[in-house]
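So the protein lines, in turn, are chains Y and D.
Per the working numbering, the first sequence runs over residues 37 to 147.
Per the working numbering, the second sequence runs over residues 362 to 475.
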Amino acid sequence: QKEVEQNSGPLSVPEGAIASLNCTYSDRVSQSFFWYRQYSGKSPELIMSIYSNGDKEDGRFTAQLNKASQYVSLLIRDSQPSDSATYLCAPANFGNEKLTFGTGTRLTIIP
Amino acid sequence: DAGVTQSPTHLIKTRGQQVTLRCSPKSGHDTVSWYQQALGQGPQFIFQYYEEEERQRGNFPDRFSGHQFPNYSSELNVNALLLGDSALYLCASSSTGNPTDTQYFGPGTRLTVL
């Protein structure tokens with residue numbers, strides 16, 4: 037079993053719709069969870085962090101965490117073409133320690 | 362406030378050569394982590410430096426080594442380059458005194474091994 041698994045992708049979503057990105061992880065001791073966005077040829081950029089079970093909202097982004105199910109997701113509301121990128125999920129014991137990344141989900145927003 | 366910086370941006374080497382990549386952390390950060398990202402894959406953790414010592418290491422051979430300087434900047438050295446070492450090398454900085462904070466990535470160095 038891979039340590040971090042994400043939607044296989046690529047994922048295509050119409051502009052204005054909700055994009056749903058999923059991630060499961062195998063390390064039960066993970067306490068911190070991060071979503072990074074990576075545009076083609078660029079480095080990862082942090083968009084959301086979540087530490088407690090439940091939902092966390094930041095603008096058009098909502099992260100959801102369920103530690104019992106070892107599942108974390110990212111919802112993007114009112115999707116824009118600028119949201120087209122690869123989204124990387126990364127659990128960690130603490131944010132300043134080793135991040136374990138999945139292979140990412142490539143999202144394309146269709147105008 | 363300068364973010365994480367890396368140099369060089371691009372590098373081309375041949376098999377068997379050695380390479381040194383450099384990273385300066387974000388202001389106020391004291392911890393530097395290095396990641397390797399092959400095409401189509403997520404970043405893979407190489408190692409992390411804090412107080413000039415290697416604190417954590419991923420599953421990479423000894424050909425990969427590093428150093429951290431008193432000003433918190435860091436170098437990644439790769440010896441005896443293989444074709445498979447071609448990748449984007451990412452440096453990320455963080456603050457050990459703030460475990461809930463996360464890591465911020467630099468722009469990366471694209472290494473091509475011919």
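Don't be surprised by glycine CBs; every beta carbon is placed ideally from N, CA and C.
Treat the numbers as computed from the prediction; the structure is a model and nothing was measured.
Extent of the continuous beta strand (DSSP E) to which residue i belongs
i        : result
D/Val474 : Thr470 to Val474
D/Thr381 : Val380 to Ser385
Y/Gln42  : Val40 to Gln42
D/Val365 : Counting along the chain, D/Val365 falls outside any beta strand (DSSP E), and DSSP gives it neither H nor E.
Y/Pro50  : Leu47 to Pro50
Y/Arg142 : Thr141 to Ile146
D/Ser447 : Counting along the chain, D/Ser447 falls outside any beta strand (DSSP E), and DSSP gives it neither H nor E.
D/Leu400 : Where D/Leu400 is concerned, there is no enclosing beta strand (DSSP E), given that its DSSP letter is neither H nor E.
Per DSSP, the bridge partner or partners of residue i
i        : result
D/Val393 : D/Tyr410 and D/Ser454
D/Leu437 : D/Leu382 and D/Gly427
Y/Pro127 : Y/Phe69
Y/Lys134 : Per DSSP, none; premise fails for Y/Lys134.
With 16 other Cβ atoms within 10 Å as the buried cut-off, status of residue i
i        : result
Y/Gln116 : exposed
Y/Leu110 : buried
Y/Arg113 : exposed
D/Arg424 : exposed
D/Gly389 : exposed
D/Gln378 : exposed
Proximity of residue i and residue j at Cβ, strictly below 7 angstroms
i        : j        : result
Y/Asn132 : D/Thr392 : yes
D/Gly427 : D/Leu437 : yes
Y/Thr141 : Y/Gly45  : yes
D/Tyr410 : D/Gln429 : yes
D/Glu414 : D/Phe408 : no
Mind listing, in chain order, the continuous beta strand (DSSP E) runs of no fewer than 3 residues lying wholly within the region 54-104 of chain Y? 55-61, 68-74, 81-86, 90-94 and 97-102
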